[in-house]
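In our numbering, the protein residues as written are 172 to 1286.
Each remark here refers to the structure printed beneath this line.
This is the structure:
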C-alpha cells in the first residue's frame, strides 16, 4: 500500500474528508494520554533531593494542560499532513495525461501542437506491487512516464545501484526509456515497489520530435545527478540518507523513544561544521540520552584494518586497542551487519567480560566506507532495563550512516595527518603569477587575512610588479614572499585570504579570495590557482574563485601556500572538554548595564576596545543573558586558539537565545562555523508558519555560508521536506527567484534540485507551476511585441490556445489550486511594463481569483517590504495588538518576473476621488478630483458609508487601527513615493499601502526639493473618517511604535540578513534610517512625545495633499 506523503496544514479551508478525519478524536486522545502518562509519573514521583522550589498543584495542572494541547496539535497536524498528501495523489490519479506530459522538463521545448500529437498516443497502464514493468524479454519500443507509485531498477533480482551504491528509483514525473536503459545492462529490469500507474506512448511518436528533445538520456532524472566537488556531493548523499530517515520517522515505531525525537536530534546536532572528534562526541551524547544507555563506545579501525581503537568511550575503556576479530566489534566487522543480543547470548562471542559486565543487552552498528567496515558504534543497556528492540537497532543503523563522511578526516595507510595546532611556523604565501586585463603597466598585490569582515592582521603588500609583454590579459610575475604577522596554528576555522590587484594609485582592479581550510577541514597547502573577479563581498563567491590546475580562466592569480609534509587538519581533539575557566563573580555597574542595553537594542552598535574587554572579561556574569551572546562572540579574538576554545565552551553554557535572537548569528559578521551551526539549532523551535515568515532572510543567509553543505542548508532541506506546502513551496520559489544570479546559481540549484528529487508527488505540482510560469512569460513577451490596440486580444487569444495542466498553483498561495484562466476577463494594464491582470477559476472555492503577473520588474524589494510588514504585524499580535494590517502577497519568481495579489473590494484613494465626480463632464472631472484631494474632508467617510460591508462602528475601528499600523510601519521603514494611487481603502475599512519601489529614506524629489515632507501620510480627510476615534488612533500609534522599539534589534537584523540580495536601496548606509526612525537614543517616554509630535506634523503638512492633487492632475 502506498504511503501517503507528508503535507503540512495550510491556511485554506479544509476539505470535508479532512474535517471528518480530524473529528475522530477518540484514538487521538488515547495516544495523548499514553504519552502524558510518563510525564505525569515524573511530576508525581518523589525525589530523594527535592528542589528548593516545587510546582504547586495549580501550576502542575496548567503545565499538563499546556503539554496536552501541544501534543494534540502535533498529532492533528500529522493527520492533516497525510490527508493533504493523499489529496495530491488523488489529484494526479484523476488528472489527464496532458496535465502531466506538458510540465515534464524533457518535453519543455515541444510546442502545443507537438504536445497534443504526442498526448494522443498515450495510454495508461497499471502495475501491481512487485510486477515487472519491463525487462530485456519485454517490448522496448515504448516510453514510460510515472504518474503515481514507485519503480525500482533491479539486476538479476538484486536492487540495482549506480557506481556510488545509490538505489535507482523512479517516482511521479520520471521518464523511463527502456531502449536506453537496457543498452547499458541487458540484465536490468524495472519493478513496481508499490502499486504504480504509468503513461505509455510509442518511442517513435516521441522521437518524431527528436530535434526538440534534450541531448541527455531521457531516463536521466534528477536522482541520477552526481557532483564532482566534494561539498555538493556530500550534501546530495546526506539528502538521500535523510529522506529515508524522515520516511522512517513518519511510520516507524519504538517502545523506548519517539523516532521523531531521535532523528530530530541527529539531524540538528550532526552538521558538516563539526570535525570527526566533535561529531563522535555529539553522537555519543545523543545515544546516551535517547537510548538511556549505560555506556556508549565507538571503535575505529586502524589504517591496516588489523585492530580496533576505542576512539570514544563513556566508561573506563577509552583508547583501548583490540584485535579486529575480537568482541562485539569483531562480530560486526566480520558480518558487516548490525548486532543485537542480550547479555546471556554473548557467551559464544570472544570478548573481555569486564567490558560487558552489568548490562542487560547490547547493540552495535557498522560504519561502512567503500564496502569496508571502518568503525563500529556500540551501545550497552543498564542492568534491569528492558532489552533493546529491533526498532532501536534500526535507529542506531540510521544514525551510524551519518558518521561515515566524518571518517574521511582520519588518517589512512597512504595518508598521514597532522594538526594545525601543532604548527608554529609563520603564515607565508608566495604569489607567483598575476594575469589580469588592465591598461596599467605596473600593479601591486594587497593581501589581507580576515575572519568574516574582521581583519585578523594588518594587510601586507608587494612591491610594484612590472608587466611581462604587451598581450592582453597582461601577466605580472612576483618574486617576493608575503609574511603575515601570525602563525598557522592561530588561524581560526573560517579564516580567508583576500588578494586585491591594485594599480599604482592603489585603486582595486580585481579581487580574489579563498578559505584557508577546505570543506573537509584540511589546511590548503601547495600551489593554488585563484580566479580574479571585479569585486567580492560574500562568502559564497569565494568558493568559485578556487580553480583546477587545468582551468582556462582568463584572469587569475597563482600563489604558493605554506607547504607541509603531512596534511594538516583543524581538529577539536586537542580541546579540553571540561568546564570553562572559573572566574570570580562580578556585578555590572550602571555604565556597563547601559552598554549592554545599547547592544540589545542595536546589533550594529560598534564595539570599542573597552567594550570587547568588558564582554570577554564578564562572560561568566553575562552568560545568563541571551541577548549578550551576540556581542560576546564579536568580542572574541578568533585568532587566539585559547580564546576560541573558551568561546566554544561558553557557547553551549550560555542561556540559549530565542529563535529570533539566533537569526542575528547568521549574518556575515559571525563567520565561525560552530557559531552558525549553533544558531541553526536554535531555529528549530520555530513552527512552520513562523519559519515561512523569516524564510527570505534564511535563504539570503545561505550566501554567507562558506560551503555549499552547511547546517543551514540541511535545516532548510529537512523543514521543506517535512512541510512541503507551508515551507517547501515558499523555499522553492525563493531559490528559483535568484537562479539567474551567477555567484549563487550553483548553491541554490543544489538545494533546489535535491528538494525536487525527494519531494515525491509534490515535485509534479512544482513542475506544473513552473510550466504555467513559462507559458505566462511567453505570453507577456507576445503582448509587449503587439500593437497597443491589439494587446488585449493578443493576451486573450494566447490564453485560449495555451495548453495548461488540469490544476495548477501560483507562487502566491501554496495551498490554492486553480482550474483555468478566464481569458475574457483578463487584460493588459497601462503600466510601462505592461503587466497582465489575470482572472482565474479556483479548483474548490466559489467565485474568481485575481492576480497580476509582471514581466520586466524586479519585485524583490516589494517582497521584502511586505514581509517586514507581516513581521511587524506578527510582533504586534504577540503583544495582543491586532491592527487589522493587510499585507498582500507578492512573490518574485525569476529574473524580473513575479506575481502580485490583487486586494479584493478595495480602491485607491485617487480612484475614490475620481469616482466621486464620475457624473461630471470629462473635462471637469479631473479638476473636481484635484479639488477633492486638496480640500475634501468627507470623501473617505462617505465612501466607507456607501460601501458598508459590516457594522459602521466596526468599519471605522478597522480603519483607525489599520491606518495606525501603516503610519507607524511606513515611517519606520522610510517608505517613499506615497501618492494617492499607492494608498488603498477596502470596503471593510482596511487602509493599506501598495507599490514599495522606494524605502529606507529613498524619497523622490522634484527640482532638488523632496516631494514628501511629512513623516507619513495622514490627511484631514483621513482624520475626519475616524470620527471620535482619533484619540484611539494616537494611542494605538504609540503602542505599535513601542513594540517595534522593543524589537529593534530583530528588525535591524532582518535588514542586515537581506543585504546579500543586493537590492539597489538596501545597503549599509540605508539601514541607518531604521535606527534613526526607531529613536533608539531616546527613552520610551521621550520616544512617545516625539511620535505624538510627528503625528501632528504629518497632519499639518499641506505638501501631502498637494502631492496627491498633482498626481491626479498628471494622471
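Beta carbons: idealized from backbone N, C-alpha and C, even for Gly.
Close beta carbons around residue i, own chain, < 7 angstroms, minus the five adjacent residues each side
| i | result |
| --- | --- |
| residue 336 | Interpretation of residue 336 is limited by its pLDDT of 46, a score under 50 that renders its predicted location unreliable; no figure is taken from the coordinates. |
| residue 919 | 906, 909 and 910 |
| residue 651 | 633 and 634 |
| residue 267 | 977 |
| residue 513 | 531, 532 and 558 |
From the options, residue whose alpha carbon lies closest to that of residue i
| i | options | result |
| --- | --- | --- |
| residue 608 | 1124, 726 and 299 | 726 |
| residue 1129 | 1187, 1083 and 1193 | 1193 |
| residue 520 | 502, 528 and 614 | 502 |
| residue 966 | 951, 1108, 958 and 596 | 951 |
| residue 705 | 1101, 672, 677 and 1257 | 672 |
| residue 1050 | 1092, 997 and 1211 | 1211 |
| residue 1094 | 783, 1002 and 1284 | 1284 |
| residue 662 | 1162, 628 and 550 | 628 |
| residue 857 | 894, 1249, 988 and 491 | 894 |
| residue 444 | 1186, 988 and 851 | 851 |
| residue 292 | 995, 370 and 275 | 370 |
| residue 465 | 471, 455, 678 and 1014 | 455 |
| residue 786 | 603, 767, 985 and 772 | 767 |
| residue 551 | 463, 437, 988 and 942 | 463 |
| residue 982 | 973, 998 and 1034 | 1034 |
| residue 611 | 676, 581 and 571 | 676 |
Own chain partners of residue i with C-beta closer than 6 angstroms, once the 5 adjacent residues on each side are dropped
| i | result |
| --- | --- |
| residue 469 | 451, 482, 483 and 548 |
| residue 379 | none |
| residue 323 | 340, 362 and 364 |
| residue 747 | Residue confidence for residue 747 is low, a pLDDT of 49 falling below 50, so the modelled location carries little weight; the figure read from the coordinates is stated next. For residue 747, where only same-chain residues beyond five positions count, there are no Cβ hits under 6 angstroms. |
| residue 1003 | none |
Bridge-paired residues (DSSP) for residue i
| i | result |
| --- | --- |
| residue 1025 | 1069 |
| residue 738 | 588 |
| residue 682 | 671 and 704 |
| residue 540 | 543 |
| residue 513 | 532 |
| residue 346 | 316 |
| residue 298 | 367 |
Residue range of the alpha helix (DSSP H) that includes residue i
| i | result |
| --- | --- |
| residue 1210 | 1201 to 1217 |
| residue 629 | First-last for residue 629: undefined, no H or E at that position. |
| residue 449 | 447 to 461 |
| residue 476 | Taken as a continuous stretch (DSSP letters only), residue 476 belongs to no alpha helix (DSSP H), as it is neither H nor E. |
| residue 370 | Not the alpha helix (DSSP H): residue 370 falls in the beta strand (DSSP E), residues 367 to 373. |
| residue 853 | 844 to 854 |
| residue 1081 | 1080 to 1086 |
| residue 1137 | 1123 to 1144 |
Residue interval of the beta strand (DSSP E) (run including residue i)
| i | result |
| --- | --- |
| residue 545 | 543 to 552 |
| residue 672 | 666 to 673 |
| residue 688 | Taken as a continuous stretch (DSSP letters only), residue 688 belongs to no beta strand (DSSP E), as it is neither H nor E. |
| residue 1105 | First-last for residue 1105: 1093 to 1106, but that is the alpha helix (DSSP H), not the beta strand (DSSP E). |
| residue 956 | Run containing residue 956: none in the beta strand (DSSP E); it sits in the alpha helix (DSSP H), 933 to 956. |
| residue 1116 | Element bounds for residue 1116: not the beta strand (DSSP E) but the alpha helix (DSSP H), 1110 to 1117. |
| residue 326 | 322 to 326 |
Close Cβ partners of residue i (< 8 angstroms) along its chain, the five nearest in sequence each way excluded
| i | result |
| --- | --- |
| residue 685 | 667, 668, 695, 699, 701, 713, 716 and 717 |
| residue 1086 | 1078 |
| residue 737 | 587, 588 and 589 |
| residue 351 | 388, 389 and 390 |
ask   = Below 8 angstroms, can you find three or more Cβ-Cβ pairs linking the stretch 686 to 700 to the stretch 830 to 839?
value = no
query = Looking at C-beta atoms only, is the number of pairs between the stretch 388 to 406 and the stretch 515 to 529 that lie closer than 8 angstroms three or more?
reply = Touching, no, given that fewer than three Cβ pairs across the two stretches are closer than 8 angstroms.
inquiry  = Counting beta carbon pairs with one atom in the stretch 1016 to 1029 and one in the stretch 1050 to 1069, are three or more of them shorter than 8 angstroms?
reply    = As far as the Cβ criterion goes, the stretch 1050 to 1069 touches the stretch 1016 to 1029, which means the pair count is three or higher.
message = Contact between the stretch 1096 to 1107 and the stretch 1124 to 1140 is defined here as three or more beta-carbon pairs at a separation below 8 angstroms; is this criterion met?
response = By the criterion of at least three beta-carbon pairs nearer than 8 angstroms, the stretch 1096 to 1107 is not in contact with the stretch 1124 to 1140.
ask   = So, do the stretch 878 to 898 and the stretch 1252 to 1267 have three or more beta carbon pairs nearer to each other than 8 angstroms?
value = no
key: Stretch-stretch touch, CB-based, cutoff 8 angstroms, three pairs: the stretch 309 to 322 with the stretch 368 to 379   = yes
inquiry  = Measuring CB atoms only, is the stretch 1170 to 1188 touching the stretch 1102 to 1115, in the sense that at least three cross pairs come out at less than 8 angstroms?
reply    = no
message = For the structure I just gave you, are there three or more beta carbon pairs, one from the stretch 433 to 449 and one from the stretch 921 to 935, closer than 8 angstroms?
response = no
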